[in-house]
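Notes follow the structure.
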Amino acid sequence: MDAQLPDTSMCVHLYTRVPAHIHLHMSIRTYQPAGVEHEWSRHGVCAIRNNPKLTSQRQYFKAAMDLFRKYEPLKVWKTHNIDVPSNSKTFNMDSLIGAYKDSFGVTPVIACGRQSQDRQHIGQVTVCINKDLTIRECPEAIQRRSCPQHSAVKLPILNYK
């Protein structure tokens, strides 16, 4: 059963600032249950208010998972012979971006996390989605969140216990 819709006052702010898309954040290394509530209250509520195809929390998360599977970065990089993840290798941002752009025609926003031994770690990949659930270029304000384009980054294997 769908949860009661939270306050939607933030939707006006989000869609006034960035009217043409919703965000699909792909956390490629971790799954945090607490993040589900954030995704719903911050993005899902706005998405269902602005997309007649999405009428419930269940439909929003199903659409998000379908989009994630379709645009999943690790799969894209592996099909371009970029062997991720790796504990020993670094990856060139130009190669990662180029492979994604070659596959989908848009530039992903690859955000870096903490640095370790002078190397940045990939923390999140974001693509922007139109209200009709098609992929599009992200606005400049979102693109600025990406790691430096010509840098070397790490994407280590994480061991969960």
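Residue 176 is where the sequence shown ends in our numbering, and the numbering goes up by one at each step.
Here a beta-carbon is modelled for each residue, glycine too, at the ideal position from N, C-alpha and C.
### Query
Measuring CB to CB, does A167 end up less than 7 Å from T122?
A distance of 7 Å or more separates the beta carbons of A167 and T122.
### Message
On the CB-based measure, 16 or more other CB atoms within 10 Å of its CB, does P88 come out buried or exposed?
### Response
Burial call: buried.
### Task
Please determine if the segment 112-126 and the segment 138-146 are in contact, where contact requires at least 3 C-beta pairs separated by less than 8 Å.
Segments in contact, yes.
### Query
Between I199 and the rest of its own chain, which residues show a CB-CB distance below 7 Å, the 5 nearest in sequence each way excluded?
Coverage of the chain is limited to positions 16 through 176, which leaves residue 199 absent and any answer about it impossible.
### Task
Jot down the residue ranges of each uninterrupted alpha helix (DSSP H) in the segment 75-148, minimum 4 residues, whole runs only, in chain order.
List check, alpha helix (DSSP H) in window: 88-94 and 108-119.
### Backbone CA spacing between T137 and K169 [nearest angstrom]
It is Ile, not Thr, that sits at residue 137 in the sequence shown. Their Cα atoms are separated by approximately 6 Å.
### Message
Quick check on the burial criterion: 16 or more other C-beta atoms within 10 angstroms. Buried or exposed for I97?
### Response
I97 comes out buried.
### Query
Going along the chain, which residues of its own chain have a beta-carbon closer than 8 Å to the beta-carbon of C162, five neighbours each way excluded?
Answer for C162: M108, I125, A126, C127, Q135, I137 and V168, listed in chain order.
### Task
Closer than 6 Å by C-beta to I172: which residues in its own chain qualify, once you throw out the five before and the five after it? Chain order, please.
Result list for I172: P100 and N102, in chain order.
#### Entry: Closest Cα partner of D147 within the set A79, E54, S56 and R73
Nearest neighbour of D147 by Cα position, chosen from A79, E54, S56 and R73, turns out to be A79.
### Query
Expressed to the nearest angstrom, what Euclidean distance is found between the alpha-carbon atoms of C153 and Q164?
About 15 Å.
### Task
Quick one: using the 10 Å Cβ neighbour count with 16 as the cut-off for buried, is A156 buried or exposed?
By the Cβ-count criterion, A156 is exposed, with fewer than 16 other Cβ atoms from all chains shown falling within 10 Å of its own Cβ.
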